[in-house]
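Novice:
2 protein chains.
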Amino acid sequence: MVGRAQLDDADRRLGCAVRRRLRGRISAPDDEGTGMMTALVGIDCGQSGSRSRIVIDGETVSESQGRPVYTHGSLEPQLARIIDEAVADVEAPELTVAVGSSGLSDEVSAEMVLSLVVSPAVRGIILAHDSVTSYLGALGPEPGAVVAAGTGVVTLAVGARKVARVDGWGYLFGDAGSGYWIGRRAIDSVLRAYDGRGPATDLTDRVLAEFPDLSKLYLEVQADPQKVSRVARYARDVAELAGSDPVATAISHDAGRALSESVAAGLRRVSAEPDAPVARIGNVFLSEALRDAFDESLRNAAPDAVLVENPGASLDGAVRLAALPEGSPLAGSVTSAGR
Amino acid sequence: MVGRAQLDDADRRLGCAVRRRLRGRISAPDDEGTGMMTALVGIDCGQSGSRSRIVIDGETVSESQGRPVYTHGSLEPQLARIIDEAVADVEAPELTVAVGSSGLSDEVSAEMVLSLVVSPAVRGIILAHDSVTSYLGALGPEPGAVVAAGTGVVTLAVGARKVARVDGWGYLFGDAGSGYWIGRRAIDSVLRAYDGRGPATDLTDRVLAEFPDLSKLYLEVQADPQKVSRVARYARDVAELAGSDPVATAISHDAGRALSESVAAGLRRVSAEPDAPVARIGNVFLSEALRDAFDESLRNAAPDAVLVENPGASLDGAVRLAALPEGSPLAGSVTSAGR
Numbered sequence: 053m054v055g056r057a058q059l060d061d062a063d064r065r066l067g068c069a070v071r072r073r074l075r076g077r078i079s080a081p082d083d084e085g086t087g088m089m090t091a092l093v094g095i096d097c098g099q100s101g102s103r104s105r106i107v108i109d110g111e112t113v114s115e116s117q118g119r120p121v122y123t124h125g126s127l128e129p130q131l132a133r134i135i136d137e138a139v140a141d142v143e144a145p146e147l148t149v150a151v152g153s154s155g156l157s158d159e160v161s162a163e164m165v166l167s168l169v170v171s172p173a174v175r176g177i178i179l180a181h182d183s184v185t186s187y188l189g190a191l192g193p194e195p196g197a198v199v200a201a202g203t204g205v206v207t208l209a210v211g212a213r214k215v216a217r218v219d220g221w222g223y224l225f226g227d228a229g230s231g232y233w234i235g236r237r238a239i240d241s242v243l244r245a246y247d248g249r250g251p252a253t254d255l256t257d258r259v260l261a262e263f264p265d266l267s268k269l270y271l272e273v274q275a276d277p278q279k280v281s282r283v284a285r286y287a288r289d290v291a292e293l294a295g296s297d298p299v300a301t302a303i304s305h306d307a308g309r310a311l312s313e314s315v316a317a318g319l320r321r322v323s324a325e326p327d328a329p330v331a332r333i334g335n336v337f338l339s340e341a342l343r344d345a346f347d348e349s350l351r352n353a354a355p356d357a358v359l360v361e362n363p364g365a366s367l368d369g370a371v372r373l374a375a376l377p378e379g380s381p382l383a384g385s386v387t388s389a390g391r
Numbered sequence: 053m054v055g056r057a058q059l060d061d062a063d064r065r066l067g068c069a070v071r072r073r074l075r076g077r078i079s080a081p082d083d084e085g086t087g088m089m090t091a092l093v094g095i096d097c098g099q100s101g102s103r104s105r106i107v108i109d110g111e112t113v114s115e116s117q118g119r120p121v122y123t124h125g126s127l128e129p130q131l132a133r134i135i136d137e138a139v140a141d142v143e144a145p146e147l148t149v150a151v152g153s154s155g156l157s158d159e160v161s162a163e164m165v166l167s168l169v170v171s172p173a174v175r176g177i178i179l180a181h182d183s184v185t186s187y188l189g190a191l192g193p194e195p196g197a198v199v200a201a202g203t204g205v206v207t208l209a210v211g212a213r214k215v216a217r218v219d220g221w222g223y224l225f226g227d228a229g230s231g232y233w234i235g236r237r238a239i240d241s242v243l244r245a246y247d248g249r250g251p252a253t254d255l256t257d258r259v260l261a262e263f264p265d266l267s268k269l270y271l272e273v274q275a276d277p278q279k280v281s282r283v284a285r286y287a288r289d290v291a292e293l294a295g296s297d298p299v300a301t302a303i304s305h306d307a308g309r310a311l312s313e314s315v316a317a318g319l320r321r322v323s324a325e326p327d328a329p330v331a332r333i334g335n336v337f338l339s340e341a342l343r344d345a346f347d348e349s350l351r352n353a354a355p356d357a358v359l360v361e362n363p364g365a366s367l368d369g370a371v372r373l374a375a376l377p378e379g380s381p382l383a384g385s386v387t388s389a390g391r
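Keeping their order, the protein sequence lines are chains P and B.
Here this note's numbering is used: the first residue of the first sequence is 53, the next is one more, and so on.
Here this note's numbering is used: the first residue of the second sequence is 53, the next is one more, and so on.
#1: Tell me the DSSP secondary structure of PRO381 of chain P in three-state form.
#2: Is any beta-carbon of chain B found at less than 8 Å from that of SER104 of chain P?
#3: Name the DSSP beta bridge partners of ASP276 of chain B, please?
#4: Going along chain P in order, which residues have a C-beta closer than 7 Å to the C-beta of GLN274 of chain B?
#5: With distances taken from CA atoms, which of P:ALA328, P:ASP327, P:VAL360, P:ASP356 is nearest ARG343 of chain P?
#6: Straight-line CA distance for ALA216 of chain B to VAL210 of chain B?
#7: Which one or two residues does DSSP pair with GLY222 of chain P in a beta bridge?
#8: Looking at ALA201 of chain P: is its Cβ nearer than 8 Å to the Cβ of LEU131 of chain P?
#9: Between B:ALA353, B:ALA345, B:ALA331, B:SER339, which lies nearest to LEU188 of chain B when the distance is taken from Cα to Cα?
#10: Less than 8 Å between C-beta atoms, sequence neighbours within five positions excluded: which residues of the same chain meet that for SER304 of chain P?
#11: What does DSSP give as the partner residue(s) for ILE414 of chain B in the beta ladder?
#12: Please report the distance separating the alpha-carbon of ALA190 of chain B from that of SER281 of chain B.
#13: Flag ALA317 of chain P as yes if its beta-carbon sits less than 8 Å from any beta-carbon of chain B, otherwise no.
#14: In chain B, what lies closer than 8 Å to GLY155 of chain P by C-beta?
#15: Applying the criterion that 16 or more other CB atoms from any shown protein chain within 10 Å of the CB defines a buried residue, is ARG351 of chain B buried or exposed?
#16: From the DSSP output, in three-state form, read off GLY85 of chain P for me.
#17: Kindly indicate which residue of B:ARG309, B:ASP356, B:ALA365, B:SER349 has the alpha-carbon position closest to the one of ASN335 of chain B.
#18: What is the rounded straight-line gap between the Cα of ALA261 of chain B and the Cα of VAL299 of chain B?
#19: What's the C-alpha gap between GLU146 of chain B and ASP96 of chain B?
#20: Between the alpha carbons of ASP265 of chain P and LEU271 of chain P, how many angstroms are there, rounded?
#21: Anything in chain P within Cβ reach of ARG321 of chain B, meaning under 9 Å, just list it in chain order.
#22: Taking ASP182 of chain B as the reference, which of B:GLU313, B:ILE333, B:VAL242 has the closest Cα?
#23: May I ask you to list, following chain order, the residues of the segment 282–296 of chain B that have a beta carbon less than 7 Å from some beta carbon of chain P?
#24: Report the three-state DSSP secondary structure of ASP368 of chain B (helix, strand or coil).
#25: Which whole-angstrom value is the C-beta distance of VAL139 of chain B and ALA173 of chain B, which I expect to be below 8 Å?
#26: Using the Cα positions of ARG237 of chain P and ALA228 of chain B, report the straight-line distance between them to the nearest angstrom.
#27: Enumerated in chain order, which unbroken segments of the alpha helix (DSSP H) with a length of 4 residues or greater are wholly contained in the segment 274–321 of chain B?
#28: Do GLU361 of chain B and the ligand PLP come close, with the Cβ less than 7 Å from some heavy atom?
#29: Residues in its own chain within less than 6 Å of VAL107 of chain P by CB, not counting five upstream and five downstream?
#30: When DSSP builds the beta bridges, which residues end up paired with ILE333 of chain B?
#31: Could you check where the alpha helix (DSSP H) with SER102 of chain P kicks off and where it finishes?
#32: What is the DSSP secondary structure of ALA245 of chain B, counted as helix, strand or coil?
#33: As an exercise, report each continuous alpha helix (DSSP H) stretch of at least 4 residues that is fully enclosed by the segment 111–164 of chain B, in chain order.
#34: Would you say ILE303 of chain P lies against chain B (beta-carbon separation less than 8 Å)?
#35: Which one of B:PRO251, B:GLY379, B:VAL165 has the shortest CA to CA distance from GLU194 of chain B?
Next comes the structure, spelled out in structure tokens:
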């Protein structure tokens with residue numbers, strides 16, 4: 053885990069770099085012949101942290117990391133604070149901020165977020181659920197399906213006219229195949245082995261390293277405000293042990309299949325073309341066992357779908373939000389405000 | 053749900069009844085020939101509420117309901133408050149309070165709880181995990197196994213020398229077959245049907261009655277401090293629909309099997325006799341489909357185990373805590389303090 057102090061330090065260094073670049077640009081009037089500088093800040097807000105990117109005249113000048121959003125709390129003040137921190141060191145006179153965020157619902161008001169942003173340079177904000185920015189980052193505005201699996205998971209399918217969001221229902225009920233889901237299964241399996249309800253597993257040693265007394269694990273995790281990301285961290289252990297431990301293998305296979313079911317459901321709902329592109333993004337897919345299970349399961353459900361390798365990230369998609377074509381079925385999922 | 057005002061009213065009426073009974077006893081010196089009045093308050097604290105019983109000279113004089121315990125918070129002040137409220141209207145000079153509670157760990161200090169109790173009449177307290185009081189209520193101090201499934205679930209098996217607790221690992225990881233577990237499966241199934249990932253289910257209408265917009269359900273429940281009992285309430289819908297809806301039937305069967313696995317693991321761990329008594333208690337077993345699945349699964353795992361019908365409740369067990377034989381393997385699971 054990256055400590056707060058390290059992040060602050062990284063932020064500060066990146067901030068200085070941005071300031072230098074921006075000063076250079078501001079002192080060069082009529083840059084690109086328009087006399088106007090287009091400064092855009094793209095932000096991707098997730099439950100484990102946020103990332104932001106400063107783009108000047110289409111060129112990335114810096115990236116930095118920031119605090120996470122807590123989807124169980126009110127989102128507007130959290131987004132406003134993340135935006136203020138992301139733009140703190142940008143000395144541009146006018147900024148547009150495009151944000152993709154976990155937990156964003158129709159109720160979240162772009163006007164409200166903008167009214168809570170302190171920085172006067174922020175003139176406009178564009179908000180979308182992180183499923184939309186994940187999609188745009190991976191496939192741009194073209195039809196297809198994107199499954200983004202990190203701490204949580206969400207699948208978005210886009211057809212010629214329709215958009216379908218699948219799962220993304222949070223840690224309590226859904227997020228099938230997500231890092232949290234995998235971590236929860238890992239801990240559940242360790243506790244089953246401890247109880248004598250389930251087979252022994254090498255995952256036990258990994259969990260014991262953090263919780264020497266397994267009988268107290270649940271009380272400690274329940275009381276932790278960061279419980280979701282804390283549980284999700286065990287997805288890495290599951291990936292590492294998937295080649296040798298049958299319990300870790302089974303969890304990885306089930307997660308891959310669950311993620312593929314979400315994609316197949318999304319493609320059906322938007323009446324996608326058989327050869328629609330499908331992108332699978334997020335750290336969860338770093339697991340080879342999980343990725344193989346996903347690919348095999350998807351081949352059964354949608355044999356002609358085209359897997360896109362090395363797709364762009366949701367932060368790329370946040371930056372693309374600002375240029376979304378008006379006729380895109382995704383345009384209805386985006387909200388904005390200006391001042 | 054019973055409203056706070058109703059509870060207060062019920063408490064007041066019961067309190068008056070207790071006061072009358074106690075006055076009658078106090079004004080009859082040398083009652084039962086000892087000149088001493090033995091006043092015991094048994095309390096059963098769960099995540100959906102607590103119940104208390106006043107016992108004078110072995111006779112129940114009143115019962116009342118109180119607030120729940122939140123296992124994600126510090127337990128000592130919660131228990132002290134529940135004790136103070138339970139004894140508020142008891143006009144006995146000396147009281148012993150015996151408490152069985154959800155979420156109790158070795159770290160919870162009986163001394164600390166007693167020091168936080170305001171009522172001077174409380175001279176001694178006895179604390180045990182609610183698995184212990186469930187056990188004592190159902191089977192008394194004899195060897196066997198008890199599975200108690202309400203909002204949460206815990207199984208306790210007692211052998212000649214050993215005690216084994218199985219599951220009871222809270223809403224995040226375990227409590228397999230509990231009301232919460234069943235309610236979570238119900239909501240998960242409804243969201244799968246909504247997404248097009250799973251079959252249609254009659255559970256959808258039940259969930260829609262509380263959450264007209266299913267896409268916002270997860271945010272609303274995540275933000276609710278009472279989320280665990282709120283989700284657990286859907287166990288009743290699952291029970292009602294288990295005879296007609298295949299999804300509800302499958303959830304009930306899986307829950308019954310999960311509960312039986314916990315019992316079988318417990319019996320193995322304490323090297324129980326083949327004909328050990330097994331009691332299944334708690335509202336979850338009101339579901340016929342679930343109970344049948346449990347019984348069938350247990351017959352396969354432990355064919356000679358004897359199912360105990362109509363066992364006593366955990367509140368009975370809380371009262372029995374005070375008379376636990378010293379040699380009982382359960383004695384090690386009980387902690388007490390006096391002043």
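Just so you know, even glycine gets a beta-carbon here, dropped at the ideal spot from N, CA and C.
Just so we're clear, the structure is a prediction, and the values are computed from it rather than from any experiment.
Specialist: Taking the structure as given:
#1: Sequence index remark: in the first sequence, residue 381 of chain P carries index 329 (1-based). Residue state, collapsed to three classes: helix.
#2: Here the question's residue 104 of chain P lines up with position 52 in the first sequence. Not closer than 8 Å to any Cβ of chain B, the Cβ of SER104 of chain P fails to qualify, so no.
#3: Indexing the second sequence from 1 puts residue 276 of chain B at position 224. None, per the DSSP bridge assignment.
#4: Start at 1 with the first residue of the second sequence, and residue 274 of chain B comes out as number 222. In chain order: THR123, HIS124, GLY222, LEU224.
#5: Here residue 343 of chain P corresponds to residue number 291 of the first sequence, with the count starting at 1. Closest option to ARG343 of chain P, Cα to Cα, is P:VAL360.
#6: By 1-based counting over the second sequence, the position of residue 216 of chain B is 164. By 1-based counting over the second sequence, the position of residue 210 of chain B is 158. Approximately 6 Å, taken between the alpha carbons.
#7: Within the first sequence, numbered from 1, the residue matching residue 222 of chain P stands at position 170. Its beta-bridge partners do not exist; DSSP assigns none.
#8: Counted from its first residue, the first sequence places residue 201 of chain P at position 149. Counted from its first residue, the first sequence places residue 131 of chain P at position 79. Not in contact: ALA201 of chain P and LEU131 of chain P (Cβ atoms no closer than 8 Å).
#9: Stepping through the second sequence from its first residue, residue 188 of chain B is reached at position 136. Closest option to LEU188 of chain B, Cα to Cα, is B:ALA331.
#10: Position 252 of the first sequence holds residue 304 of chain P. Contacts found: ILE234, VAL290, ALA291, ALA294, SER339, ALA341, LEU342, ALA345.
#11: Because chain B here runs from 53 to 391, residue 414 of chain B falls outside it and cannot be looked at.
#12: Your numbering for residue 190 of chain B matches position 138 in the second sequence. Your numbering for residue 281 of chain B matches position 229 in the second sequence. Near 24 Å, if we compare the C-alpha coordinates of SER281 of chain B and ALA190 of chain B.
#13: Reading the first sequence from its first residue, position 265 is the one you call residue 317 of chain P. Judged by the 8 Å Cβ criterion, ALA317 of chain P is in contact with chain B.
#14: Along the first sequence, one-based indexing puts residue 155 of chain P at 103. Within chain B, the residues near GLY155 of chain P are LEU271.
#15: For this step, residue 351 of chain B is matched to residue 299 along the second sequence. Per the 10 Å Cβ criterion, exposed.
#16: Reading the first sequence from its first residue, position 33 is the one you call residue 85 of chain P. Note on GLY85 of chain P: pLDDT 41, under 50, position unreliable in the model; the coordinate value appears next. Three-state DSSP puts GLY85 of chain P in a helix.
#17: Position 283 of the second sequence, counted from the start, is the residue given in the question as residue 335 of chain B. The residue with the shortest Cα to Cα distance from ASN335 of chain B is B:ALA365.
#18: Sequence index remark: in the second sequence, residue 261 of chain B carries index 209 (1-based). Sequence index remark: in the second sequence, residue 299 of chain B carries index 247 (1-based). The straight-line gap from Cα to Cα measures roughly 18 Å.
#19: For this step, residue 146 of chain B is matched to residue 94 along the second sequence. For this step, residue 96 of chain B is matched to residue 44 along the second sequence. So the alpha carbons of these two residues sit roughly 20 Å apart.
#20: Here residue 265 of chain P refers to the residue found at position 213 of the first sequence. Here residue 271 of chain P refers to the residue found at position 219 of the first sequence. Rounded to whole angstroms, ASP265 of chain P to LEU271 of chain P spans 11 Å at the Cα level.
#21: The residue labelled residue 321 of chain B in the question sits at position 269 within the second sequence. Chain P residues near ARG321 of chain B: ASP247, GLY248.
#22: Along the second sequence, one-based indexing puts residue 182 of chain B at 130. Of B:GLU313, B:ILE333, B:VAL242, the residue nearest in Cα terms is B:ILE333.
#23: none
#24: In the second sequence, residue 368 of chain B corresponds to position 316, counting from 1. DSSP places ASP368 of chain B in helix when its eight states are reduced to three.
#25: Sequence index remark: in the second sequence, residue 139 of chain B carries index 87 (1-based). Sequence index remark: in the second sequence, residue 173 of chain B carries index 121 (1-based). About 6 Å separates the two Cβ atoms, so the contact holds.
#26: For the purposes of this step, residue 237 of chain P is taken as residue 185 along the first sequence, with counting starting at 1. For the purposes of this step, residue 228 of chain B is taken as residue 176 along the second sequence, with counting starting at 1. Roughly 12 Å separates the two Cα atoms.
#27: 279–284, 286–293, 298–321
#28: This structure does not include the ligand PLP; it has no bound ligands of any sort.
#29: As a working note, residue 107 of chain P is residue 55 in the first sequence. Same-chain partners within the cutoff: LEU92, VAL371.
#30: The count along the second sequence starts at 1 and reaches residue 333 of chain B at position 281. Paired residues: B:ALA200.
#31: The residue you call residue 102 of chain P lines up with position 50 of the first sequence. That residue, SER102 of chain P, is in no alpha helix (DSSP H); its beta strand (DSSP E) goes 101–108.
#32: By 1-based counting over the second sequence, the position of residue 245 of chain B is 193. Three-state result, ALA245 of chain B: helix.
#33: 127–139
#34: Working through the first sequence from its first residue, we reach residue 303 of chain P at position 251. Not closer than 8 Å to any Cβ of chain B, the Cβ of ILE303 of chain P fails to qualify, so no.
#35: Counting from one through the second sequence, the residue named residue 194 of chain B turns up at place 142. Looking at the Cα atoms, B:GLY379 is the closest of the given residues.
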